[in-house]
Every structure is written in C-alpha cells, then in structure tokens.
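Residue numbers (my numbering): 1107 to 1334.
C-beta atoms are modelled at their ideal positions from N, C-alpha and C, and glycine is treated no differently.
Okay, so here's the structure we're looking at.
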C-alpha cells in the first residue's frame, strides 16, 4: 500500500488527425484481487494535429488561437491567457491582443502558456536560426516580479527549454504602477526577439510557448507572435 511504479507504454500509431481519448486500466495488482476496483481506470484526452512549417504567426485579430495552437493552464486554476481588445488599441494599431491578469490573481509560481502547434524544422541547416518575435506591453507592480519566458520543446511538449526570459522591472515596457494596467498606450508596446538554435530544432520538430509566471503583479500583454 502506498507504493508506486512507473510503466512505459509502447508508442501508439494514431490512424488520423483528430481527437482521441487514452484509457488505461490496471488489474490484479501483484497478482492479487484488487480490494478497491473503483480507482482502476484513468483517462486522458488529447489530439493528433497536423504539423506546420515555418512561419507561424498569431496576430490575435481574427481569433484567439490559430488551428493547432493551445492555451495551456497546467495548474488548473482560474488564471489563464485570454484575448482582449484594449480601449487604447493593441500593438501596431491593431485591435486585439492576448493578456494575462496577474493583478487580480495571487498565485506566485503558477505558469500559463500560449503554445504553437508542432512546427516542422527538417531541412534547416545547422548554421540556421529560428527567430521568435512578439510585441510586449507591461507595467511592473513595484516589488513584484511577474516573469515572461519563451520556451521551446523538441519532445512534443513533454519538457521545455527556456531560451528568453524577463521579469519584474526588466520585463516592464512602460515603467511601474500600482494601478490596474488595462489600457497599454501605443508607445508602451516594445518588440522582443529570441533565437532558437540547432541544438533545439535539430530534432526535426518543435513547439514554441510564450509562458507567464505569476507573481501577483500586473497585466502582461502580448501581440503579433511571429516565428520564422
């Protein structure tokens, strides 16, 4: 009782693009009749999506997420990215952007991602780089250190490598404020760039995530994500 064991399942050959449910059962633990059979089944929903090639773009103008992109909330809490049209407008004179409200959610350390679909990188040279750029607007709440990262996975999202990170006052593009940052001014938006090297994209496929790490600070705004 209370012991555990890790089991590695064989690879699954999925027949088509689409939604699936994986259901796992246990039976006869240690060759004995299970005294509590009600907890012998676990399920997980997932999708097989079509891989895309570069470039990958999200301006948030027509929808929150392009096909295959995902809004990932691994902590399962109330904090997550959302699409919003600030009264003062978004980056470059556009209307919509993505925002996450660290101001009203006190959960330091929790993470939330906007993730691309699987991007195929086969054919790139070892001397190539993949550029990730996006527009950022943020006012730092004094004493708090909200964090934004660009993270890359080359194992289908199992693990991520942080390639770019800013936090606290360094993340701010418009100074600091104890007020609720709901309307970034046109001059608040600053373009950010990060480079992905061959050590990460050499596996042939990547997923790129824009990751917020909450520190109960202020709203973080992101627009015009471009990966090329």
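Distance between residue j and residue i (C-alpha atoms, nearest Å)
| i | j | result |
| --- | --- | --- |
| residue 1148 | residue 1219 | 25 angstroms |
| residue 1212 | residue 1230 | 42 angstroms |
| residue 1161 | residue 1314 | 12 angstroms |
| residue 1138 | residue 1132 | 12 angstroms |
| residue 1309 | residue 1259 | 10 angstroms |
| residue 1316 | residue 1266 | 11 angstroms |
| residue 1333 | residue 1134 | 49 angstroms |
| residue 1117 | residue 1180 | 24 angstroms |
| residue 1200 | residue 1191 | 9 angstroms |
| residue 1172 | residue 1154 | 15 angstroms |
| residue 1166 | residue 1204 | 7 angstroms |
| residue 1136 | residue 1126 | 30 angstroms |
| residue 1297 | residue 1320 | 21 angstroms |
| residue 1242 | residue 1282 | 15 angstroms |
| residue 1284 | residue 1168 | 32 angstroms |
| residue 1144 | residue 1109 | 18 angstroms |
| residue 1152 | residue 1115 | 16 angstroms |
N- and C-terminal bounds of the alpha helix (DSSP H) containing residue i
| i | result |
| --- | --- |
| residue 1276 | 1274-1277 |
| residue 1305 | 1304-1307 |
Buried or exposed (CB count within 10 angstroms, at least 16 for buried), residue i
| i | result |
| --- | --- |
| residue 1188 | exposed |
| residue 1119 | exposed |
| residue 1323 | buried |
| residue 1237 | exposed |
| residue 1276 | exposed |
| residue 1146 | exposed |
| residue 1206 | buried |
| residue 1289 | exposed |
| residue 1307 | buried |
| residue 1291 | exposed |
| residue 1208 | buried |
| residue 1185 | buried |
| residue 1287 | buried |
| residue 1326 | buried |
Close beta carbons around residue i, own chain, < 8 angstroms, minus the five adjacent residues each side
| i | result |
| --- | --- |
| residue 1157 | 1223, 1224, 1225, 1226, 1311 |
| residue 1261 | 1309 |
| residue 1183 | 1211, 1213, 1216 |
Those residues which DSSP pairs with residue i across a bridge
| i | result |
| --- | --- |
| residue 1240 | 1298 |
| residue 1271 | 1255 |
| residue 1328 | 1204, 1242 |
| residue 1178 | 1219 |
| residue 1110 | According to DSSP, residue 1110 bridges with nothing at all. |
| residue 1164 | 1331 |
| residue 1159 | 1226 |
| residue 1283 | Paired residue(s): none; residue 1283 is not in a bridge. |
Proximal residues to residue i (C-beta, below 6 angstroms), its chain only, five neighbours per side dropped
| i | result |
| --- | --- |
| residue 1331 | 1164, 1240 |
| residue 1280 | 1245, 1294 |
| residue 1221 | 1176, 1178, 1313, 1315 |
| residue 1232 | 1304 |
| residue 1255 | 1268, 1271, 1317 |
| residue 1150 | 1128 |
| residue 1273 | 1251, 1253 |
| residue 1130 | 1148 |
| residue 1193 | 1289 |
Where the beta strand (DSSP E) containing residue i begins and where it ends
| i | result |
| --- | --- |
| residue 1128 | 1124-1131 |
| residue 1337 | Outside the displayed span of the chain (1107 to 1334) sits residue 1337, for which this structure offers no information. |
| residue 1188 | 1188-1190 |
| residue 1152 | 1147-1154 |
Neighbour flag for residue i against chain D, beta carbons, 8 angstroms
| i | result |
| --- | --- |
| residue 1112 | Of the chains in the structure shown, none is chain D; there is only one protein chain. |
Cβ neighbours of residue i in the same chain (closer than 7 angstroms, five flanking residues each side left out)
| i | result |
| --- | --- |
| residue 1196 | 1202, 1203, 1329 |
| residue 1235 | 1301, 1302, 1303 |
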